[in-house]
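Here is the structure we will look at.
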Amino acid sequence: MLKKIVMFVAFIIFIFLVVKGNSIVGYSGLAMMIIGLIGVVSELYIYNKRYQ
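So the sequence shown is numbered by the numbering used here: it starts at 3 and just counts up by one.
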């Protein structure tokens with residue numbers, strides 16, 4: 003149960019990084035969006051690894 007809560011909180015943080023990075027012009031906004039994207043994709047990988 004704790005792992006699900008941690009994954010949910012991390013997902014919200016990564017989505018926030020993508021949305022906030024979209025509103026910032028420049029390389030810092032791009033870096034925020036890339037970090038958020040890497041986080042979301044890694045969470046999808048961890049989730050789907052169980053069902054292979």
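Glycine included, C-beta positions come from ideal geometry on N, C-alpha and C.
The alpha-carbon separation between Q54 and S44 amounts to approximately 16 angstroms. Apart from the 5 residues on each side of it in sequence, G31 sits with its Cβ closer than 6 angstroms to the Cβ of G23 in its chain, given in chain order. Rounded to the nearest whole angstrom, the C-alpha separation of A33 and V11 is 20 angstroms.
In the three-state DSSP reduction, Y29 falls in the helix class (H, G or I). The beta carbon of Y29 is closer than 7 angstroms to none in its chain, skipping five residues each way along the sequence.
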